[in-house]
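There are 2 protein chains.
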Amino acid sequence: MQTAAILIIGNEMLSGRTRDLNLQTLGTALAEHGIRVRESRVVEDRFDSIVQAVNSLRATYDLVFTTGGIGPTHDDITTDCIAAALGRVVVENPEAVRRLTAYYPHGDLNQARLKMARIVVGAELLDNPVSAAPGYRVENVFVLPGVPRILQSMLPGLLARLHRGTAILSRSVTAYLRESEIAAELEGIQLRYPMLDLGSYPFVRDGRFGTTLVARGTAVEALASAIDEIAQTLAVRNAEFVVESTASPL
Amino acid sequence: MQTAAILIIGNEMLSGRTRDLNLQTLGTALAEHGIRVRESRVVEDRFDSIVQAVNSLRATYDLVFTTGGIGPTHDDITTDCIAAALGRVVVENPEAVRRLTAYYPHGDLNQARLKMARIVVGAELLDNPVSAAPGYRVENVFVLPGVPRILQSMLPGLLARLHRGTAILSRSVTAYLRESEIAAELEGIQLRYPMLDLGSYPFVRDGRFGTTLVARGTAVEALASAIDEIAQTLAVRNAEFVVESTASPL
Chain Y
25 MQTAAILIIG
35 NEMLSGRTRD
45 LNLQTLGTAL
55 AEHGIRVRES
65 RVVEDRFDSI
75 VQAVNSLRAT
85 YDLVFTTGGI
95 GPTHDDITTD
105 CIAAALGRVV
115 VENPEAVRRL
125 TAYYPHGDLN
135 QARLKMARIV
145 VGAELLDNPV
155 SAAPGYRVEN
165 VFVLPGVPRI
175 LQSMLPGLLA
185 RLHRGTAILS
195 RSVTAYLRES
205 EIAAELEGIQ
215 LRYPMLDLGS
225 YPFVRDGRFG
235 TTLVARGTAV
245 EALASAIDEI
255 AQTLAVRNAE
265 FVVESTASPL
Chain F
25 MQTAAILIIG
35 NEMLSGRTRD
45 LNLQTLGTAL
55 AEHGIRVRES
65 RVVEDRFDSI
75 VQAVNSLRAT
85 YDLVFTTGGI
95 GPTHDDITTD
105 CIAAALGRVV
115 VENPEAVRRL
125 TAYYPHGDLN
135 QARLKMARIV
145 VGAELLDNPV
155 SAAPGYRVEN
165 VFVLPGVPRI
175 LQSMLPGLLA
185 RLHRGTAILS
195 RSVTAYLRES
205 EIAAELEGIQ
215 LRYPMLDLGS
225 YPFVRDGRFG
235 TTLVARGTAV
245 EALASAIDEI
255 AQTLAVRNAE
265 FVVESTASPL
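Protein sequence lines correspond, in order, to chains Y and F. So in the working numbering the end of the first sequence lands on 274, straight run, no missing numbers. So in the working numbering the end of the second sequence lands on 274, straight run, no missing numbers.
Structure below.
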């Protein structure tokens with residue numbers, strides 16, 4: 025299975041100003057496509073931080089997806105960082121210029137906007153149906169925008185370029201009991217299903233403690249069978265629980 | 025100014041199942057406390073991944089905060105990973121046992137729950153007002169739970185142990201214009217205020233493109249003055265804009 029990392033670029037996610045939405049969007053879409061996201065990093069808009077993260081991640085995982093920092097303002101430095109990380113230069117990409125020219129009203133393609141046509145040499149453009157400025161792929165790095173709505177609009181075009189693997193599915197059971205009450209049994213089930221990842225996610229809701237038990241993997245029958253074992257364990261305890269009935273790609 | 029990194033531990037944030045809330049909570053609280061979060065990572069519940077991230081981050085930043093993986097189930101391996109990263113052993117902490125004994129009904133402190141009293145040797149406990157199981161500090165690493173409500177309840181106790189620096193404040197202006205229309209002026213303002221970070225965050229709302237311009241730093245007068253310059257630039261453009269009137273710690 026292909027592995028991936030997601031690099032989120034921007035001070036605003038670290039200062040608390042903005043809650044990142046893109047990790048969940050990409051994680052969900054890639055799992056469904058059969059690609060496992062193994063790591064994510066958030067770094068500031070600083071040249072050295074971005075270059076170092078790109079180089080570390082692209083050497084470790086099959087695919088790297090970056091979000092943010094490809095707009096027209098002074099704090100948009102992702103393209104220069106990707107170029108430095110890959111030892112490539114940045115050029116004004118003629119096809120990107122054409123798309124921006126077609127998108128903006130005649131005469132409105134100012135210097136700041138033209139900055140969005142500066143692309144790492146050798147890159148393949150990714151379509152942006154919302155605001156024209158393209159993302160791109162160069163080697164195993166996919167460079168995407170940070171605005172969630174624009175990123176979402178680019179997903180179909182992005183996924184079409186990625187090799188589709190076996191979808192990673194999950195099934196879950198939510199029960200109103202504390203995870204410590206079922207920890208021993210859950211560990212036993214995990215040992216019997218080494219091909220799955222079993223996770224236990226406690227929550228507090230309206231003052232009640234509960235736990236969502238999640239089985240995740242590509243083996244559909246093992247998933248069903250592990251979830252049955254979990255449900256039986258809960259039934260024996262007389263716990264109130266709900267089984268998510270269909271395998272979902274989450 | 026002290027620097028910090030936040031390490032979020034858990035498959036569920038990478039698979040798309042769960043949207044992390046803790047980075048924003050910690051980023052906001054630490055900025056207000058005068059500590060700058062410079063990086064965040066999300067890693068899977070895998071021994072090697074966690075150990076490597078802990079060691080990389082604690083060598084680079086003054087403080088490291090981990091979230092997740094300190095519960096009672098088989099996938100809670102953070103404490104063993106912290107111990108390995110720091111070359112320390114894990115012990116059953118008597119004070120943690122005392123807290124758990126006091127919290128659970130008599131006789132309910134089972135083996136899974138006792139796992140939450142396994143703490144890296146030499147650690148200082150952090151109070152958990154919701155569910156007793158403590159977090160802890162060892163060297164420059166702060167080990168916190170993943171459940172957002174529990175983490176939030178631990179913040180006052182956590183912050184009381186951290187040196188308070190000069191609060192990082194921000195002011196912002198939101199305008200219905202595209203960031204490319206003000207990029208050149210914004211860069212000029214950034215150059216005149218090198219002590220501040222100026223950020224430009226485009227958005228799409230009800231089909232309209234807008235931009236939030238944020239100035240961030242510890243210099244209160246420079247903040248006010250930079251925001252004035254941004255507002256004047258927008259007024260000259262006849263742009264519709266709103267200035268956030270008070271310096272906030274976001």
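Glycine is no exception: its CB is placed at the ideal position from the N, C-alpha and C atoms.
- Listed in chain order, the beta strand (DSSP E) elements of length 3 or more contained wholly in the segment 218-272 of chain Y are 221-229, 232-241, 265-267.
- Taking 8 Å as the CB threshold, Met25(F) stays off the interface with chain Y.
- Relative to the Cα of Leu47(F), the nearest Cα in the group Gly40(F), Leu222(F), Arg62(F) belongs to Arg62(F).
- Its Cα nearest to that of Glu203(F), the residue Arg232(F) stands out among Arg188(F), Arg232(F), Leu138(F).
- Rounded to whole angstroms, the Cβ separation of Phe89(Y) and Ile30(Y) is 5 Å, and the two are in contact under 8 Å.
- Contacts with chain F at 8 Å (Cβ-Cβ) include Tyr225(Y).
- When C-alpha distances from Glu36(Y) are compared across Pro118(Y), Asp100(Y), Leu50(Y), the shortest belongs to Asp100(Y).
- A straight-line Cα-Cα distance of about 13 Å links Glu264(F) and Ile206(F).
- Taking every protein chain shown into account, the CB of Met178(F) has 16 or more other CB atoms within 10 angstroms, so this residue is buried.
- Listed along the chain, the chain Y residues whose CB falls inside 9 Å of the CB of Asn134(F) are Ser204, Glu205, Ala207, Ala208.
- With a threshold of 8 Å between beta carbons, Ser39(F) makes contact with chain Y.
- Taking a Cβ-Cβ threshold of 9 Å, the residues of chain Y close to Asp221(F) are Asn35, Ser39, Glu68, Asp69, Asp99, in chain order.
- Around the CB of Thr235(Y), 16 or more other CB atoms lie within 10 Å, so the residue is classed as buried.
- Leu45(F) is not a Cβ neighbour of Ala28(F), given a cutoff of 8 Å.
- For Ala55(F), a Cβ of chain Y is located within less than 8 Å of the residue's own Cβ.
- For the options Val121(F), Glu211(F), Gln214(F), Tyr160(F), the alpha carbon positioned closest to that of Leu183(F) is the one of Tyr160(F).
- Each of Gly146(F), Thr125(F), Tyr128(F) was checked against the Cα of Gly111(F), and the nearest Cα belongs to Gly146(F).
- Assignment of alpha helix (DSSP H) within the segment 28-89 of chain Y, counting only whole runs of 4 or more residues, yields 35-38, 46-56, 71-84 in chain order.
- A contact between stretches requires three or more CB pairs, one per stretch, nearer than 8 Å, and the segment 187-199 of chain F meets this requirement with the segment 234-250 of chain F.
- Chain-order list of chain Y residues neighbouring Gln176(F): empty, with the shortest C-beta distance near 11 Å, by a criterion of under 9 Å.
- Under the Cβ criterion of 8 Å, Ser64(Y) is counted among the residues facing chain F.
- Within the segment 146-166 of chain Y, Val154, Ser155 place their CB atoms closer than 8 Å to a CB of chain F, listed in sequence order.
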